[in-house]
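**Q** Going down the list, the protein sequences come from chains L and U.
Just so we're aligned, residue 1 is where the first sequence starts under the working numbering, counting upward by one.
Just so we're aligned, residue 1 is where the second sequence starts under the working numbering, counting upward by one.
Even glycine gets a Cβ: it sits at the ideal position worked out from N, Cα and C.
Quick caveat, the model's predicted, so the values are computed rather than measured.
Got a structure for you, written out below as structure tokens; questions coming shortly.
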Amino acid sequence: MKRIGVFVCGCGINIAKTVDVKKVVEEIGHYPGVVYATDYQYMCSDPGQKMIQEAIEREHLDGIIVAACSPTLHEFTFRRASEAVGLNPYQCEIANIREQCSWVHQDKEIATAKAIKITKSIIEKERLNDSLSPISVFMTRRALVIGGGIAGIQAALDIADSGYEVILVEKEPSIGGHMAQLSETFPTLDCSQCILTPKMVEISHHPKIKLLAYSEVVNVGGYVGNFNVKILKKPRYVKEDLCNNCGECFKVCPVVVPNEFERGLGSRYAIYIPFPQAVPSICTIDADACLGLFPLACNKCKEVCEPNAVDYDMKPEIIEETVGAIVVATGYDLLPSEELKEYGNGRNPDIIDGLHFERLLSASGPTQGVIRRPSDGKVPKEVVFVQCAGSRDPEKHLPYCSKFCCMYTAKHALLYKHRVPDGQPYIFYIDVRTAGKGYEEFYHRVSEQEGVVYLRGKVSKIFQDGDGLMVWGVDTLTGKKVEITADMVVLATGAVPAEGSKKLFANLKLACDENGFLSEAHPKLRPVESLTPGFFLAGAAQGPRDIPETVAQAGGAASKVIGMFSQEMLLHDPIVAVVDENLCSGCKICISACPYDAREFDEEKNIVRVNELLCEGCGACVAACPSGATQQQNITDDQIREMVKVVLGE
Amino acid sequence: MKLPYYPGCTLKDRTSQLETTALACAEKLDVQLEEMPNWTCCGGVYPVSETKIVNLVAPFRILKEVQEAGDDKLVTICDFCYNVLKRTNLIIREDSVKRTRLNLFLSDDDRRWAASGRRVGEGQEYDGGVKVLHYLEMLRDELGFEAVAAAVSKPLEDLKIAPYYGCNLLRPPLEMDLDDPEDPRIMEDFLGSMGAQVVEFPYRIECCGSFLSLSSPQIARRLCHTILESARKNGADAIMLSCPMCFYNLEQKQSEFARHFPGFRPMPVFFFSQLLALALGLDPASLGFERNFADPVPLLKEKHLV
């Protein structure tokens, strides 16, 4: 019989107030198999741990029970302490007499009796515990980054600079994301493209980075350390290695369509590069617009292409890669204006969103930086900016704050005032939130020194009124209804997860919050990790955030990846399901029960095996197995039966 | 198609032209609207504006009778009745306490009626199962605007009409659930099916002042004047609406406008059913235009519709 030691913690008065610790020790001391029992005020303290270690050595203990707080807190502490003196860590068990007993009861007598039962049941479990060791897993030291905005760019560069290979996948023809569309960045007003494009160039030349633009991740199999990724490379109809971006094809292309990069304010040809600094610097043919594809009615671009790069017969391609870790940086989109029925339903050309205005401000934009309204090209003299357009509106739209709009609206008003000195900007706001370095100072400058009128209140309705736009709102500080005839309205529409991310996250089995943003493993202590091992989060895919925060988080995600890659082997918890091959009938019920795809059928032996590396030890298959062939390591049916007996008092 | 129909008080008196034209059109469209027997007042908007349960008894009884007669739909024409009946029905469906109390209250009532020799479905609980339809909603969802378009014999081609919704059709939006409260389309689509030219104007869902025309007439007058002028500015020949209250404020009260707004020119206002009757080829003399202050006949003559 195992020699078992029991250590009861008082946790100051957290436990001792409701549970008679001395009585627990006395009672447990007489329990079969227990050769040593004691109590201490703080078992997790250094002296407490030392006491346990000495007892293990002195009493030659085969297993120990620490009756204390939840195992989620200090199981690791006590197992490490046991291991240090030669006891297998899986022979150390925690009896939770705090969260499950002292904190939820008042009557000391009853709580003490319950604490004794809990401890006894864990003793019964420990009696049948096997000594286990973690499963070592070989890992592929190569990372996948999904999304080529500033978050993905930063994460890819940080990982690659540490010497590990990175595959960067971007669904658009060029990397850069929304940051490439911005004019100037708050609060320092430095040019967005000027600070972004060096990083984009670095991506294209980095020896450790493989850039797959115009591609999408379609499937991820495998497990942490060894993911098998399938990437769909969409056909550009232009050979990447031949195109030299000479621009001859643009001159002959007869099809003109709105340019997505300019948010529809500018145009492009059916063969195009989205913006001059695009990376990779390769033309793409828009299959929906081109006349040369299906059927072939035009081949002007092919005729003029000197390097002969145009290839109308290009097919989609599936690329398979193995990676060890995945950074998800899929970013955000703005809430479509069509959702905002009261603000013109997206049908009025002069009611635009923040990214439209960024393009109007941009020196490389459709108006070369001159503010002109889309309908007639007139320079608008009265511009109304509406903050929280769709945000902080749980009844109709988005319940959350989109975080960066207060600052970019202040920046918009300021830049507008600088470009149109005789113009008048108005800003409607609910609150102005400026929690960032230098942000409050910037807001004060805009609101006090630049002639921008801030109106505290919401806008109820915007509609065309003759040549202008009628804006109805309220100023809640004066309690008056406000009517402004504006030439143009800029809506600070809320941020939502990027288009297509819902499908991608479902594909990757990543947990999301109720708004569709990625969930982190812990909101405070593990903010850049997903709950699924091997996945890391960067940027606005996790929730709206501005550039500095995105860059910091991307760096955090990258360093988590680097930290993982710097280990010799990955260790996997050995608390997994095991199969008794003699009992398994191959009914496959466990396969449907497993949420991790960890059960696989062995055709030859007609049994179902467990892939230990995929198994997360949830126990679903154990419960589902009709023959009892599947057992969970150290939580076997026999153990559970003995525990239940004690709890029921048999 | 045969459907039970609840008229309400206003359609029997002040705006009987709304009922007569709507019923005539229904007949033409092969929809039998059968006026329910023993109908009572719906209560105006009063029942749903307070939390008292007893106020809900009148609309509750109306709905219960529909179910007892074996029907599952009820058509109304007046926007106020539609609002009250639909919202009461939702309360009955979602609030089990009010549902039980109303049913108990009325089972007692039933016994008294039974003593007077009236047949009742005793013991039968009303659960909110009746679907309340506005006449326009019936055209859209039960008949289909395509069927309306197919029945049109005199398209209103040259008529520029500004549809005006008011409040009771659309709000409160989650309860009424007829159309988007900020950007509704049902009246526009209805006009489209008759071949009329739709004039969009920003005041189509703004308030007409409702009962303020009694307590603070100057406020209602200002609101209505703005609505009419906005429609005119956007090129409308006339306004179309469905609510008797809006008709009173926007049409009947035009008689006072010239005194308060110098230069005001009267503007014709139609009930939707009057326009439908025109388009279906009914006799223009039977449409009740004589009750309008702003006579629409010259406009219709000009457009060769009479």
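Less than 9 Å between CB atoms is the rule here; does ASP189(U) satisfy it with respect to chain L?
**A** Position 189 of the second sequence, counted from the first residue, corresponds to residue 189(U). Answer no: the Cβ-Cβ gap between ASP189(U) and chain L never drops below 9 Å.
**Q** Which ranges does the alpha helix (DSSP H) cover as unbroken runs of at least 4 residues, wholly within the stretch 553-624 of chain L, from first to last along the chain?
**A** The qualifying runs are 589-593, 620-624.
**Q** So ASP46(L) is in the alpha helix (DSSP H); what residue range does that whole segment cover?
**A** As a position in the first sequence, residue 46(L) is number 46, starting the count at 1. Its alpha helix (DSSP H) spans residues 46-59.
**Q** Between the C-alpha atoms of VAL54(U) and VAL148(U), what's the straight-line distance to the nearest angstrom?
**A** What you label residue 54(U) is simply residue 54 of the second sequence in a count that begins at 1. What you label residue 148(U) is simply residue 148 of the second sequence in a count that begins at 1. Distance between the alpha carbons of VAL54(U) and VAL148(U): 40 Å.
**Q** Flag this pair as yes or no: are the beta carbons of ILE352(L) and VAL490(L) separated by less than 9 Å?
**A** Within the first sequence, the letter at position 352 stands for residue 352(L). Within the first sequence, the letter at position 490 stands for residue 490(L). Closer than 9 Å, so yes.
**Q** Leaving out five residues on either side along the sequence, give the residues of the same chain with a beta carbon under 8 Å from the beta carbon of LYS12(U).
**A** Locating residue 12(U) in the second sequence gives position 12, where the first residue counts as 1. Same-chain partners within the cutoff: GLU19.
**Q** Ignore the nearest five residues each way along the sequence and tell me which others in ARG545(L)'s own chain have a CB closer than 8 Å to its CB.
**A** The residue labelled residue 545(L) in the question sits at position 545 within the first sequence. The answer, listed in chain order, is LYS403, PHE404, GLY539, GLN553.
**Q** According to DSSP, is TRP39(U) helix, strand or coil?
**A** The residue labelled residue 39(U) in the question sits at position 39 within the second sequence. Reduced to three states, the DSSP call for TRP39(U) is coil.
**Q** Any beta carbon from chain L within less than 9 Å of ASP180(U)'s own beta carbon?
**A** Walking along the second sequence from the start, residue 180(U) turns up at place 180. It does; some Cβ of chain L falls within 9 Å.
**Q** Classify PHE138(L) as helix, strand or coil using the three-state DSSP reduction.
**A** To locate residue 138(L), count along the first sequence from 1; it is residue 138. Coil.
**Q** Beta carbon of VAL217(L), beta carbon of ILE150(L): below 9 Å?
**A** Here the question's residue 217(L) lines up with position 217 in the first sequence. Here the question's residue 150(L) lines up with position 150 in the first sequence. No, these two residues do not count as a Cβ contact at 9 Å.
**Q** According to DSSP, what are the bridge partners of LEU334(L)?
**A** As a working note, residue 334(L) is residue 334 in the first sequence. Partner(s): ALA495(L).
**Q** According to DSSP, simplified to helix, strand and coil, what is LYS73(U)?
**A** On the second sequence, position 73 is the one that residue 73(U) refers to. Reduced to three states, the DSSP call for LYS73(U) is strand.
**Q** Quick one: which residues of the stretch 318-349 of chain L get their C-beta closer than 7 Å to a C-beta of chain U? List them in chain order.
**A** LYS341, GLU342, ASN345
**Q** What residues from chain U crowd round MET470(L), counting only those whose CB sits closer than 9 Å?
**A** Taking the first sequence and counting its residues from 1, the one referred to as residue 470(L) is at position 470. The answer, in chain order, is PRO202.
**Q** Is SER32(U) buried or exposed, if buried means 16 or more other CB atoms sit within 10 Å of its CB?
**A** As a working note, residue 32(U) is residue 32 in the second sequence. First, the residue type needs correcting, since residue 32(U) is Gln and not Ser in the sequence shown. Flag for GLN32(U) reads exposed.
**Q** Counting only beta-carbon separations shorter than 9 Å, does ASP177(U) have a partner in chain L?
**A** On the second sequence, position 177 is the one that residue 177(U) refers to. No, its Cβ sits nowhere closer than 9 Å to a Cβ of chain L.
**Q** Of the choices PHE250(L), ILE209(L), GLU306(L), whose alpha-carbon is the least far from that of LEU242(L)?
**A** Along the first sequence, one-based indexing puts residue 242(L) at 242. Answer by Cα proximity: GLU306(L).
**Q** When you compare the CB of ASP183(U) with every CB in chain L, is at least one pair closer than 9 Å?
**A** Reading the second sequence from its first residue, position 183 is the one you call residue 183(U). So, interface residue.
**Q** Give me the chain U residues within the contact set of ASP465(L), using Cβ-Cβ distance strictly less than 7 Å, ordered along the chain.
**A** Locating residue 465(L) in the first sequence gives position 465, counting from the first residue. The contacting residues are PRO202.
**Q** Between GLN639(L) and the rest of its own chain, which residues show a CB-CB distance below 6 Å, the 5 nearest in sequence each way excluded?
**A** Taking the first sequence and counting its residues from 1, the one referred to as residue 639(L) is at position 639. Leaving aside the five residues that flank GLN639(L) on each side, the residues in its chain whose CB is nearer than 6 Å to its CB run, in chain order, LYS125, LEU128.
**Q** What does the alpha-carbon distance come out to for the pair GLU642(L) and GLY628(L)?
**A** Walking along the first sequence from the start, residue 642(L) turns up at place 642. Walking along the first sequence from the start, residue 628(L) turns up at place 628. The alpha-carbon separation between GLU642(L) and GLY628(L) amounts to approximately 16 Å.
**Q** Under three-state DSSP, which class holds PRO660(L)?
**A** Here chain L has residues from 1 to 650 only, and residue 660(L) is not among them.
**Q** Could you spell out the range, first to last residue, of the alpha helix (DSSP H) harbouring HIS206(L)?
**A** Position 206 of the first sequence, counting from 1, holds the residue named residue 206(L). No alpha helix (DSSP H) contains HIS206(L), which DSSP labels as neither H nor E.
**Q** Where LYS64(U) and THR485(L) are concerned, what is the direct C-alpha to C-alpha distance, given to the nearest angstrom?
**A** By 1-based counting over the second sequence, the position of residue 64(U) is 64. By 1-based counting over the first sequence, the position of residue 485(L) is 485. So the two alpha carbons sit approximately 51 Å from each other.
**Q** If we ignore side chains and look at the alpha-carbon of each, how far apart do TYR596(L) and ALA329(L) end up?
**A** Numbered from 1 along the first sequence, position 596 holds the residue referred to as residue 596(L). Numbered from 1 along the first sequence, position 329 holds the residue referred to as residue 329(L). Between TYR596(L) and ALA329(L), the C-alpha separation is close to 23 Å.
**Q** Classify THR88(U) as buried or exposed, calling it buried when 16 or more other Cβ atoms lie within 10 Å of its own Cβ.
**A** Looking up residue 88(U) in the second sequence gives position 88. Result: buried.
**Q** Can you tell me whether DSSP reads THR636(L) as helix, strand or coil?
**A** Against the first sequence, residue 636(L) aligns to sequence position 636. In the three-state scheme derived from DSSP, where H, G and I count as helix and E and B as strand, THR636(L) is classed as coil.
**Q** Hey, could you find the ends of the alpha helix (DSSP H) HIS418(L) is sitting in?
**A** In the first sequence, residue 418(L) corresponds to position 418, counting from 1. Start and end: 405-419.
**Q** Going along the chain, which residues of its own chain have a beta-carbon closer than 8 Å to the beta-carbon of ILE318(L), five neighbours each way excluded?
**A** As a position in the first sequence, residue 318(L) is number 318, starting the count at 1. The residues are VAL218, LYS230, ILE231, LEU232, LYS233.
**Q** Is the shortest distance between the beta-carbon of GLY121(U) and the beta-carbons of chain L less than 9 Å?
**A** Position 121 of the second sequence, counting from 1, holds the residue named residue 121(U). The pLDDT assigned to GLY121(U) is 46, lower than 50, so where the model puts this residue is not dependable; a value taken from the coordinates is nonetheless given after this. No, no contact with chain L.
**Q** Taking C-alpha atoms, which residue in GLU612(L), GLY500(L), ILE462(L) lies nearest to VAL482(L)?
**A** Counting from 1 along the first sequence, the entry for residue 482(L) is found at position 482. Comparing Cα-Cα distances from VAL482(L) to each of GLU612(L), GLY500(L), ILE462(L), the minimum goes to ILE462(L).
**Q** Is there a Cβ of chain L sitting closer than 9 Å to that of LYS98(U), yes or no?
**A** Sequence index remark: in the second sequence, residue 98(U) carries index 98 (1-based). Chain L contact via Cβ: absent.
**Q** Any C-beta of chain U sitting closer than 9 Å to the C-beta of LYS645(L)?
**A** Counting from 1 along the first sequence, the entry for residue 645(L) is found at position 645. Chain U contact via Cβ: absent.
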